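Step one of this worksheet: look at the structure below.
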DNA sequence: CGGTTCTTTCAGTAATTTCTGAAAGAAATA
DNA sequence: TATTTCTTTCAGAAATTACTGAAAGAACCG
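Chains as they are written, first to last, in our numbering: chain P, 1 to 173; chain H, 1001 to 1173.
Structure below.
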């Protein structure tokens, strides 16, 4: 695919962003390309456009599918696998949040709970230390629970709540 | 400092967490140690406790100070610099969010705006592509603006809003 | 001052992560 | 079934990132 300067800049920046948040640069670039692409594209086109190895493209596509960020589709009259990306930014954010919660936050909470229990059982431990471990656990559980609730709010309502910004505070005394 | 099993597990997990989110393992471990520590500690104690080079500890401390996550303090009768970590999880989250916004989101938005303008000016560009670039820019600006508003809500009110979870949706029709 | 203690810098090394290319695998076609 | 086309796997190479140790720098002390 021919990239114009705007697309190229977008893809490079997205790759940079990925690498700062623990996602490999090429995964993020492939994602950006698919997000921008006007239609389904196949692996060889990604290889040519981004100048990365065909095998790497295959791995990236697999990872993106694992996150639900892209979908494998078929194009009539073409044997090759094609891919399209989720186009709605809000859905995108949800998929990423959900994935990271499952892969990172949930295990983190499990470990923190274990730390807390170990600390509580250990007579030799400083009570302040035990208390701080528990506080961190509780905070993350509480944030996580809040997210689980909020993600169930219907999109249009959420949009309005967002638009209200700090004004939601009015409803609480 | 003598680490009991709960502290050690906490620190290792925090380090692991850091490395998945683009923070070096030792920075996160030093932070975890300071968070747990019952009082101010100095660099050599961190070196001994975590078994990392003294120079590395110095770098980690500097970075953590840059984020405002730890503070340099002095202990009476001791020339050495000591450090304490922010203890409140909520403040912690704010500092991290604020730091990442400034370092990553704001530059991202600037680049996306530039992409959008370039795309709009380019006659040869697919209108759908230009539209998707603009959509991503707008989405991130809107999330970013929401965050700026929410962070100004007083802590107790925010706490109540959080506790309401999905029930805030009631206020919108 | 000269010595001592503590901190920082930075070039080089080590460790980790990412990417590539060759080869095997799978699916369609002739 | 043999051939072609497309996809995946994976061992090793390359690139990146993190860490160390030596040395310089800074602050204090006698």
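Beta carbons are placed, not taken as given, at the ideal position from N, Cα and C, and that holds for glycine.
Small disclaimer: the values here were computed from a predicted structure and weren't measured.
Alpha carbons only, please: which of the options is nearest the one belonging to residue i?
{"i": "residue 1044 (chain H)", "options": "H:1008, H:1036, H:1057", "result": "H:1057"}
{"i": "residue 178 (chain P)", "options": "H:1112, H:1026, H:1048", "result": "Since the first residue of chain P shown is 1 and the last is 173, residue 178 (chain P) is not available in this structure."}
{"i": "residue 1143 (chain H)", "options": "P:128, P:162, P:127, P:142", "result": "P:162"}
{"i": "residue 1012 (chain H)", "options": "H:1041, H:1123, H:1049", "result": "H:1049"}
{"i": "residue 1017 (chain H)", "options": "P:77, P:74, P:100, P:116", "result": "P:100"}
{"i": "residue 1060 (chain H)", "options": "H:1116, H:1073, H:1117, H:1023", "result": "H:1023"}
{"i": "residue 1062 (chain H)", "options": "H:1074, H:1002, H:1081", "result": "H:1081"}
{"i": "residue 1072 (chain H)", "options": "H:1079, H:1064, H:1078, H:1083", "result": "H:1083"}
{"i": "residue 1088 (chain H)", "options": "P:78, P:139, P:25", "result": "P:139"}
{"i": "residue 1064 (chain H)", "options": "H:1116, H:1032, H:1145", "result": "H:1032"}
Measure the C-alpha to C-alpha separation of residue i and residue j and round it to an integer number of angstroms.
{"i": "residue 1137 (chain H)", "j": "residue 14 (chain P)", "result": "12 Å"}
{"i": "residue 153 (chain P)", "j": "residue 164 (chain P)", "result": "15 Å"}
{"i": "residue 69 (chain P)", "j": "residue 38 (chain P)", "result": "16 Å"}
{"i": "residue 66 (chain P)", "j": "residue 1004 (chain H)", "result": "38 Å"}
{"i": "residue 97 (chain P)", "j": "residue 54 (chain P)", "result": "29 Å"}
{"i": "residue 128 (chain P)", "j": "residue 135 (chain P)", "result": "10 Å"}
{"i": "residue 1093 (chain H)", "j": "residue 1123 (chain H)", "result": "44 Å"}
{"i": "residue 28 (chain P)", "j": "residue 1091 (chain H)", "result": "30 Å"}
{"i": "residue 51 (chain P)", "j": "residue 106 (chain P)", "result": "36 Å"}
{"i": "residue 85 (chain P)", "j": "residue 6 (chain P)", "result": "19 Å"}
{"i": "residue 1120 (chain H)", "j": "residue 1130 (chain H)", "result": "6 Å"}
{"i": "residue 148 (chain P)", "j": "residue 1167 (chain H)", "result": "12 Å"}
{"i": "residue 1074 (chain H)", "j": "residue 1002 (chain H)", "result": "22 Å"}
{"i": "residue 1114 (chain H)", "j": "residue 95 (chain P)", "result": "26 Å"}
{"i": "residue 79 (chain P)", "j": "residue 1126 (chain H)", "result": "26 Å"}
{"i": "residue 146 (chain P)", "j": "residue 25 (chain P)", "result": "31 Å"}
{"i": "residue 102 (chain P)", "j": "residue 116 (chain P)", "result": "21 Å"}
How about residue i and residue j: are their beta carbons less than 7 Å apart?
{"i": "residue 132 (chain P)", "j": "residue 1036 (chain H)", "result": "yes"}
{"i": "residue 1150 (chain H)", "j": "residue 1109 (chain H)", "result": "no"}
{"i": "residue 1041 (chain H)", "j": "residue 1030 (chain H)", "result": "no"}
{"i": "residue 1118 (chain H)", "j": "residue 20 (chain P)", "result": "no"}
Spell out a yes or no on whether the segment 1157-1172 of chain H and the segment 156-169 of chain P are touching, meaning 3 or more CB-CB pairs, one atom from each, closer than 8 Å. yes
Name the residues in the segment 1115-1131 of chain H whose C-beta lies less than 7 Å from a C-beta of chain P; which are they? 1115, 1118, 1119, 1122, 1124, 1125, 1126, 1128, 1129
What residues in the segment 1025-1045 of chain H bring their beta carbon closer than 7 Å to a beta carbon of chain P? 1035, 1036, 1038
For the segment 157-172 of chain P, list every residue whose C-beta sits within 7 Å of some C-beta in chain H, in sequence order. 157, 160, 161, 162, 165, 166, 168, 169, 171, 172
Short-range partners of chain P found in the segment 1057-1079 of chain H, where Cβ spacing is below 7 Å: none
Of the residues that make up the segment 1092-1114 of chain H, which ones have a beta carbon closer than 8 Å to any beta carbon in chain P? 1093, 1104, 1108, 1111, 1112, 1114
Interface positions of the segment 1004-1022 of chain H facing chain P (Cβ-Cβ less than 7 Å), listed along the chain: 1004, 1005, 1006, 1007, 1009, 1010, 1013, 1017, 1020, 1021, 1022
Contact list for the segment 1132-1146 of chain H against chain P, Cβ threshold 9 Å: 1132, 1133, 1135, 1136, 1138, 1139, 1140, 1142, 1143, 1145, 1146
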